[in-house]
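Mature numbering (1 follows the signal peptide of the UniProt record, and there is no 0) puts the sequence shown at residues -30 to -1, 1 to 297.
The beta-carbon is built from N, C-alpha and C at its ideal position, and this holds for glycine as well.
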Amino acid sequence: MTPSLSLSPMAFLPTILLFLLLLLSATSSALPRTSLPPLPTQDDRKPAAIHQACKATRFPTICEQTLAGSELPAGEPSAADLIKAAMDATAAPLQSATSLSQSIVDSARDNLNLSTVASRCVLGLGNSTYRIGMSSNPDTIRMNIRDVRAWLSVALSYQSGCHSALKAFNTTAPVGSAVNLLDSLTMLTSNALSLAFAFDRFGNDTDSWMPPQTERDGLIASPSHVPGSGLPAGFQRGFDGLEPDVVVCKDGAEGCLGTVQGAVDSAPESGSGMFVIKIKEGVYDEIVRVPFIKKNVVFLGAGMGKTVITGSLRSGNGVSTYDSATV
């Protein structure tokens, strides 16, 4: 008779434990793994700041694309960083638009109207470049944002004027290319201006920035409070208190110049103070041009009908409205 084997339950314990471990391992590998989201890094915070700031522009998609491809400082960018980057993005298309305008001038010698418009574009876009350059210093953005807004507005006006003028001649490939480029350029400059306005209105916290508004939306710009009379210091004593730097007279007597243009040419470039030109009574038959770099030039005449500056500025001579301003 074969004896029966009697196994203790404890003999199966290692096998049971091994089976349970294998079962738990298979079950856990089949379940989706969950983990805590990573903490936001400096690079993660950049797109968020850009997205929020660009809500304050007229062309937010273009704004985000522009700023995302720009060189911003490490970490979360400040409002001044974003505004500067938006202005820097206008440099290349602005230079290209100026070059295209000059090429139109060179190729349209037989078309007086088109060459005149294109030459005005070259001048205006050059002025636009200068104004944006004045605005793009980070310290200027932080401390003189009202000036930055004014300069960007002027820059945008030059670009828009050129765009509108060339659009009337959009019949050739070069002009069409210039119009398309200016269309993109005005949007970039508009975005920079909107960011500057939002910074001026809401401060550095871009979370508080809102979409652009106009007076139709109930927006009323806060007035600039200027102490005193609001006039420059040199004018607060009245016109009689202005000391002339040069005097112009018809006979060109000793101590005075014979032409107004000669007096303008004698003014310093980029002067910080007023340069007063006193023009004595008489009719001055000349066309006076005050170059962009001649700043703070003041004409002081003998009175209405006494000091007259005149010149031949007629459309028949190919003079555009842009060139017809008179004193």
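For residue j and residue i, the rounded distance between their alpha carbons
{"i": "E256", "j": "A168", "result": "45 Å"}
{"i": "V218", "j": "G39", "result": "54 Å"}
{"i": "L64", "j": "L152", "result": "8 Å"}
{"i": "V268", "j": "Y254", "result": "17 Å"}
{"i": "L174", "j": "M113", "result": "For clarity, residue 174 is Asn in the given sequence; the question names Leu instead. Roughly 12 Å between the two C-alpha positions."}
{"i": "E111", "j": "M244", "result": "Going by the sequence as given, residue 111 is Ile instead of Glu. Rounded to whole angstroms, I111 to M244 spans 25 Å at the Cα level."}
{"i": "L283", "j": "V260", "result": "16 Å"}
{"i": "P10", "j": "M104", "result": "For P10, the predicted model reports a pLDDT of 45, less than 50, meaning its position is unreliable and no value from the coordinates is stated."}
{"i": "G271", "j": "K220", "result": "13 Å"}
{"i": "S154", "j": "P108", "result": "24 Å"}
{"i": "residue 321", "j": "N97", "result": "Residue 321 falls outside the range modelled here, since the chain spans only -30 to 297, and no answer is possible."}
{"i": "I263", "j": "S66", "result": "23 Å"}
{"i": "E46", "j": "Y100", "result": "29 Å"}
{"i": "L82", "j": "A23", "result": "44 Å"}
{"i": "residue 304", "j": "G273", "result": "Past the edges of the chain, shown from -30 to 297, lies residue 304, and the structure says nothing about it."}
{"i": "L122", "j": "A223", "result": "44 Å"}
{"i": "W179", "j": "E41", "result": "22 Å"}
{"i": "S106", "j": "V118", "result": "8 Å"}
{"i": "S236", "j": "L84", "result": "33 Å"}
{"i": "I32", "j": "T156", "result": "12 Å"}
{"i": "S69", "j": "V92", "result": "8 Å"}
Proximity test, Cβ basis, 8 Å: residue i and chain B
{"i": "Q65", "result": "Here there is only one protein chain, and chain B is not present."}
Whether residue i touches residue j by CB criterion (8 Å)
{"i": "I247", "j": "D215", "result": "yes"}
{"i": "H170", "j": "I115", "result": "Here residue 170 turns out to be Asp, not His, going by the sequence shown. Yes, these two residues count as a Cβ contact at 8 Å."}
{"i": "residue 306", "j": "V258", "result": "This structure leaves residue 306 out entirely; the chain is present only between -30 and 297."}
{"i": "T176", "j": "A19", "result": "yes"}
{"i": "L37", "j": "A55", "result": "yes"}
{"i": "A148", "j": "S71", "result": "yes"}
{"i": "G228", "j": "K265", "result": "no"}
{"i": "G94", "j": "G131", "result": "yes"}
Bridge-paired residues (DSSP) for residue i
{"i": "F269", "result": "I247"}
{"i": "L227", "result": "V218"}
{"i": "D51", "result": "Per DSSP, none; premise fails for D51."}
{"i": "V253", "result": "V278"}
> Taking contact to mean at least 3 C-beta pairs separated by less than 8 Å, is the segment 25 to 39 in contact with the segment 159 to 167?
Replying inline: yes
> What are the start and end residues of each continuous alpha helix (DSSP H) run of 4 or more residues lying completely inside the segment 130 to 193, in chain order?
Replying inline: 143 to 172
>> If contact is defined by three or more beta carbon pairs under 8 Å, each pair taking one atom from either stretch, is the segment 74 to 84 in contact with the segment 111 to 129?
In response: no
> Is the segment 132 to 148 in contact with the segment 37 to 51, if contact means three or more CB pairs nearer than 8 Å?
Replying inline: no
> Which residue spans inside the segment 59 to 107 form an unbroken alpha helix (DSSP H) run of at least 4?
Replying inline: 61 to 77 and 82 to 105
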